[in-house]
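Participant: Per my numbering, the sequence shown runs over residues 716 to 1010.
Just so it is clear, CB atoms sit at the ideal spot from N, CA and C, and this is done for glycine as well.
Got a structure here, written out as structure tokens. Questions coming.
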Amino acid sequence: MTAQTELRPAVVVVGGSRGIGKAIAEVAVRDGAAIVLVARSPDGLAAAAADMLKAGGEAFSVALDLLAGDAARQLESFLSANGLFCDVLVNSAGYGLRGSATLLPVADQLGIVDLNMRALTDLTLRFLPGMVARGRGGVINLGSVASFTPGPYMALYYASKGFVRSFSEALHQELHRTGVTVTCVAPGPVSTEFLERSGANRAALFKVLPKVDSHYVAECAWRGFKSGRRLVIPGVSAKLAILVAALLPSAVLLPLIGRLQRRSNDPCPCGSGKTYKTCHGARQRNMDRVVSKRG
Ligand SMILES: NC(=O)c1ccc[n+]([C@@H]2O[C@H](COP(=O)([O-])OP(=O)(O)OC[C@H]3O[C@@H](n4cnc5c(N)ncnc54)[C@H](OP(=O)(O)O)[C@@H]3O)[C@@H](O)[C@H]2O)c1
């Protein structure tokens, strides 16, 4: 086996085939780092790796489903087989689902727990000890403004991001003065496939909040990580959203988020099989008007 000293540093971007992960990889490649992209789709990975090569970088890709129990071990094997070690880990793979927690498929919601929390934790804890031993590198974990409040009708997603932020900020403190940084990045809505796939873009909240570009988030994330920041909140609108969440009492904030995240034609959580509108009359019509005006 190759001795540790002969291995080369790599920036490992989990969820690097598109969206925020790919944008962070593009920034890291500019710094001259070797990039290892991880995602499920071989086609998406090949396209992203080709873009890194075009930019003059060195890119490897590993097709892995992080929901498979041994994915982190497979990633470790890939790195050592290619003479690399994980110098910087970017945990950007994640998904969310909009809808009532009592009606969304349980397996899909447990997938959020497994990907956004378990896989992120496994990778972080697997690679951090080596970073601490070398006294360099670190982890960028993708949180969200959703980490600052519970989120009715996206309950599992918000809870998972609360975990990511708490875990990352605690690690940042534990690793103070080790030369290793753990940074949590907490963007508001970002223009990526995430919004369509999660169904979030059909909710009034995501119409009201301005969307930022993934490249802007990536620049903020990389700069913040490099300067040892614990938390990076890209953009004024995300900072304002967090301030509002901090100022409003939960008794006001949670009904407001609930109103802004459900649609009146969503199935009612009461389990009657009727839509929310049929069950609750006109209570939601104003929110629907916001969606149709802006959508
Ligand atoms: N977009 C936003 O509005 C927003 C806002 C705040 C925070 N965030 C967070 O930022 C992170 C990145 O989001 P994004 O907007 O870039 O999402 P995205 O465009 O949907 O990209 C998600 C990435 O994760 C990969 N992935 C998904 N499931 C995977 C699995 N089981 N195993 C391995 N890779 C997997 C995807 O590739 P494959 O599908 O090929 O696997 C893709 O590369 C997420 O954690 C998200 O929660 C997003």
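Could you give the DSSP three-state label for Arg978: helix, strand or coil?
Facilitator: By 1-based counting over the sequence shown, the position of residue 978 is 263. Looking at Arg978 - three-state DSSP - the assignment turns out to be coil, as it is neither helix nor strand.
Participant: Along the chain, where does the beta strand (DSSP E) containing Arg723 start, and where does it finish?
Facilitator: Residue 723 sits at position 8 when you count from the first residue of the sequence shown. Element bounds for Arg723: Arg723 to Val729.
Participant: Under 6 Å from any heavy atom of ligand 1, does the C-beta of Leu782 make it?
Facilitator: On the sequence shown, residue 782 is found 67 positions in, with the first residue counted as 1. Within the cutoff, so yes.
Participant: For Leu955, which residues in the same chain have their Cβ closer than 6 Å to its Cβ, ignoring the five residues on either side in sequence?
Facilitator: Here residue 955 refers to the residue found at position 240 of the sequence shown. Contacts found: none.
Participant: With a Cβ-Cβ cutoff of 7 Å, do Leu975 and Ala919 count as a contact?
Facilitator: Position 260 of the sequence shown, counted from the first residue, corresponds to residue 975. Position 204 of the sequence shown, counted from the first residue, corresponds to residue 919. In this structure, Ala919 lies closer than 7 Å to Leu975 by Cβ.
Participant: Alpha carbon to alpha carbon, what distance is there between Phe842 and Phe882?
Facilitator: The residue given as residue 882 occupies position 167 in the sequence shown. The residue given as residue 842 occupies position 127 in the sequence shown. Going by the C-alpha atoms only, they are around 15 Å apart.
Participant: At a cut-off of 6 Å, is Glu721 close to ligand 1 when judged by its beta-carbon and the heavy atoms of the ligand?
Facilitator: Here residue 721 is taken as the residue at index 6 of the sequence shown, counted from 1. No, ligand 1 has no heavy atom inside 6 Å of this Cβ.
Participant: Does the distance between the C-beta of Val854 and the nearest non-hydrogen atom of ligand 1 fall short of 6 Å?
Facilitator: Here residue 854 corresponds to residue number 139 of the sequence shown, with the count starting at 1. It does not: the Cβ of Val854 is nowhere closer than 6 Å to a heavy atom of ligand 1.
Participant: What is the C-beta distance between Gly734 and Phe921, in whole angstroms, given that I count them as a contact (C-beta under 8 Å)?
Facilitator: For the purposes of this step, residue 734 is taken as the residue at position 19 of the sequence shown. For the purposes of this step, residue 921 is taken as the residue at position 206 of the sequence shown. Actually they are not in contact, since the Cβ atoms of Gly734 and Phe921 sit about 15 Å apart, beyond 8 Å.
Participant: To which residues of the same chain is Leu819 closer than 6 Å at the C-beta, ignoring the five residues directly before and after it?
Facilitator: Your numbering for residue 819 matches position 104 in the sequence shown. The residues are Leu812.
Participant: Please find out if some non-hydrogen atom of ligand 1 comes closer than 6 Å to the beta-carbon of Val905.
Facilitator: Position 190 of the sequence shown, counting from 1, holds the residue named residue 905. Checking the Cβ of Val905 against ligand 1 gives yes.
Participant: Just to confirm, are Val699 and Val726 a CB contact at a threshold of 7 Å?
Facilitator: Coverage of the chain is limited to positions 716 through 1010, which leaves residue 699 absent and any answer about it impossible.
Participant: Going by the CB atoms, is the gap between Val905 and Val927 shorter than 7 Å?
Facilitator: Within the sequence shown, residue 927 is the residue found at index 212, counting from 1. Within the sequence shown, residue 905 is the residue found at index 190, counting from 1. Cβ distance < 7 Å, so Val927 and Val905 count as in contact.
Participant: State the beta-bridge partners of Glu773 as determined by DSSP.
Facilitator: Counting from 1 along the sequence shown, the entry for residue 773 is found at position 58. In DSSP, Glu773 forms a bridge with Ala749.
Participant: If you count every other CB in all the chains shown that lies within 10 Å of the CB of Asn856, and 16 or more means buried, which is it?
Facilitator: Numbered from 1 along the sequence shown, position 141 holds the residue referred to as residue 856. With 16 or more other Cβ atoms within 10 Å, it is buried.
Participant: What did DSSP end up calling Ala778 once you bin it into helix, strand or coil?
Facilitator: Working through the sequence shown from its first residue, we reach residue 778 at position 63. In this structure, Ala778 counts as strand in the three-state DSSP scheme.
Participant: Could you say which of Leu971, Lys992, Pro724 and Ile750 lies nearest to Tyr868 if we only look at CA atoms?
Facilitator: As a first step, residue 868 must be located in the sequence shown, where it is residue number 153. Cα-wise, what sits closest to Tyr868 is Leu971.
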